[in-house]
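A short worksheet on the structure shown next.
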Amino acid sequence: MCHTVSFAGRIGTAAVAILSLLPDANAFAPNAQLAFSSRASELEPLFGELERVKSAGGGTDAAFPVGDFRLFDPEAEGKLQGSGSLSQRIQAGADYVLPPTYPDGTYLANGGINSASGMGGELSAGSPPEEAVVMDAQHWLEHLDDNLPVNFAKPNAPVTATLLARQRIITPDAPGDIQHIILRLPEGMHYVEGQSLSVIPPGTDPANGRNHKPRLYSIASTRYGDILDGNTVSLCVRRAEYYDPNTGVADPTKKGVCSSFLCDAAPGATMNVAGPVGKTMLLPKDPNADVIMIATGTGIAPFRAFLHRLFMEDTVARHMFGGTAWLVLGVPTSGGLLYKEEIDAMMRNAGPGQLKVDYAISREMTNPFDGGKLYVQHVMQQNAQELFQRLDSGASCYFCGLKGMMPPILDTLEQVAASQGLDWNAKLKEWKSNHQWHVEVY
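The numbers in my numbering rise by one with no breaks, and the one at position 47 of the sequence shown is 247.
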């Protein structure tokens, strides 16, 4: 059984010990319901349950109640390194914190609950056993998973963000203009991976003289930000342009107001922002669940945040991730592969089989079905059996990009389901009801 135990460390970090504790708590399953009672009046009705367990082939012929661990106490046997009672560990689960120690290295009894008075010696910060594997982990924003930040600022009462840097992230020969933009947020404004931020461009709409409406952008960084100070946010922005079909020249009167502002702004420029918002694109709570990400273009933004959290940053989430992350990214040309160098680094960081990446480069690749351009739906069709198996095993599947991506994807998956004798509508309803199907398109 693997426990994660956090110890006090320098500000902004924590030492996280992954302790392989034997025997496994499952070994105590037959008697687990008896483990928390020591009063005779409570034990009497439970002996019948003990006999039932014995008759089923479990339990033991103890001559005394087993609820007080006198039969076998793993702490006394040294299996818990003297670091706290088994009952406390069972009750606390992943929230169990190793108790403080005395100068001689022994642990304060009862998981750090008892007073140190009269015990001799000053208590020190908790420290892991010598055999524990210890890793530094940034942790100071992990509480956001339990207290999801929503609407720190609303569009009618925005706050001010400052542009720190921006960079074009596609090659000159790739179509369009896509930039990575880093903003400094006001103190106390936080978010988590999968959420979105509204940017309100300056000026007024010439059509009605009112302030411009907010534009919503998927967040492309983890909660700690690219600077890892927990006070910045990154966006992946495509400059919205309209090209005259006759001349092939961009019409400046039809350019995207907010995207052009962001892609032209100089470092130090300020702007109004609101949010964060979003609860549907969050990473699964189960660290062993597979994460399937289907993106077109700048739809990779939330998945960059996912992948940084799972494979780049020193977080408990990265150390504990036991599933497979699978990214399918569609772009027109290889020069438009967004964040490829980062993804290559993630591939090197990932464990065997933990990260799978498929690219659909439409203008450079052909699909095996009709010889036409390769799009993300073709990649999904090629890997349909694996996709369905992973979803049926509990994977979460995310889609992000232009809304035009979804109809061909759904049509393709419906055809695949029919070929396998499955009711596509029933299957999709099942995945949605299990919170395994997440869509964010624009």
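No residue lacks a Cβ here, since even glycine has one placed at the ideal position from N, Cα and C.
Cβ pair residue i, residue j closer than 8 Å
{"i": "residue 495", "j": "residue 529", "result": "yes"}
{"i": "residue 504", "j": "residue 432", "result": "no"}
{"i": "residue 601", "j": "residue 497", "result": "yes"}
{"i": "residue 416", "j": "residue 501", "result": "no"}
{"i": "residue 543", "j": "residue 557", "result": "yes"}
{"i": "residue 393", "j": "residue 422", "result": "yes"}
{"i": "residue 638", "j": "residue 533", "result": "no"}
{"i": "residue 546", "j": "residue 506", "result": "no"}
{"i": "residue 424", "j": "residue 341", "result": "yes"}
{"i": "residue 539", "j": "residue 560", "result": "no"}
{"i": "residue 439", "j": "residue 418", "result": "no"}
{"i": "residue 351", "j": "residue 499", "result": "no"}
Where residue i sits in the DSSP three-state scheme
{"i": "residue 390", "result": "coil"}
{"i": "residue 635", "result": "coil"}
{"i": "residue 640", "result": "strand"}
{"i": "residue 485", "result": "coil"}
{"i": "residue 553", "result": "coil"}
{"i": "residue 426", "result": "coil"}
{"i": "residue 479", "result": "coil"}
{"i": "residue 529", "result": "strand"}
{"i": "residue 546", "result": "helix"}
{"i": "residue 356", "result": "coil"}
{"i": "residue 562", "result": "coil"}
{"i": "residue 267", "result": "Bear in mind that a pLDDT of 45 at residue 267, under 50, signals an unreliable position, so the model cannot answer this."}
{"i": "residue 338", "result": "strand"}
{"i": "residue 616", "result": "helix"}
{"i": "residue 410", "result": "coil"}
{"i": "residue 364", "result": "strand"}
{"i": "residue 625", "result": "helix"}
{"i": "residue 473", "result": "strand"}
{"i": "residue 404", "result": "strand"}
{"i": "residue 569", "result": "coil"}
{"i": "residue 273", "result": "Low confidence applies here, because residue 273 scores a pLDDT of 48, under 50, leaving its location unreliable; read the following figure in that light. Three-state DSSP puts residue 273 in coil, outside helix and strand."}
{"i": "residue 630", "result": "helix"}
{"i": "residue 347", "result": "coil"}
Start and end residues, beta strand (DSSP E) containing residue i
{"i": "residue 380", "result": "378-384"}
{"i": "residue 168", "result": "There is no way to answer for residue 168, as the model of the chain reaches only from 201 to 642."}
{"i": "residue 460", "result": "Looking at the DSSP string, residue 460 is not in any beta strand (DSSP E); the run it does join, the alpha helix (DSSP H), is 457-464."}
{"i": "residue 599", "result": "596-601"}
{"i": "residue 507", "result": "Taken as a continuous stretch (DSSP letters only), residue 507 belongs to no beta strand (DSSP E), being part of the alpha helix (DSSP H) at 501-511."}
{"i": "residue 492", "result": "491-496"}
{"i": "residue 399", "result": "396-400"}
{"i": "residue 416", "result": "415-418"}
Where the alpha helix (DSSP H) through residue i begins and ends
{"i": "residue 585", "result": "584-592"}
{"i": "residue 520", "result": "516-520"}
Rounded Cβ spacing between residue i and residue j (contact assumed at less than 8 Å)
{"i": "residue 596", "j": "residue 636", "result": "5 Å"}
{"i": "residue 381", "j": "residue 363", "result": "7 Å"}
{"i": "residue 457", "j": "residue 396", "result": "About 18 Å separates the two Cβ atoms, so there is no contact after all."}
{"i": "residue 616", "j": "residue 577", "result": "Their Cβ separation, rounded to whole angstroms, is 10 Å, which puts residue 616 and residue 577 out of contact at 8 Å."}
{"i": "residue 374", "j": "residue 514", "result": "Residue 374 to residue 514, Cβ: 33 Å. No contact."}
{"i": "residue 516", "j": "residue 339", "result": "7 Å"}
{"i": "residue 349", "j": "residue 414", "result": "Incorrect: roughly 17 Å between the Cβ atoms, too far for contact."}
{"i": "residue 467", "j": "residue 361", "result": "In fact, because the Cβ distance is near 13 Å, the residues do not count as touching under 8 Å."}
{"i": "residue 641", "j": "residue 588", "result": "In fact, because the Cβ distance is near 22 Å, the residues do not count as touching under 8 Å."}
Worksheet item: At a cut of 8 Å, does the stretch 601-611 reach the stretch 441-448 through at least three beta carbon pairs?
Response: no
Worksheet item: Does the stretch 396-409 come close enough to the stretch 467-476 to have 3 or more Cβ pairs within less than 8 Å?
Response: Contact between the stretch 396-409 and the stretch 467-476 is present, because at least three Cβ pairs lie under 8 Å.
Discussion item. If contact is defined by three or more beta carbon pairs under 8 Å, each pair taking one atom from either stretch, is the stretch 421-439 in contact with the stretch 485-494?
Written reply: no
Worksheet item: Is the stretch 517-526 touching the stretch 619-636 in the sense that three or more CB pairs, one from each, lie closer than 8 Å?
Response: no
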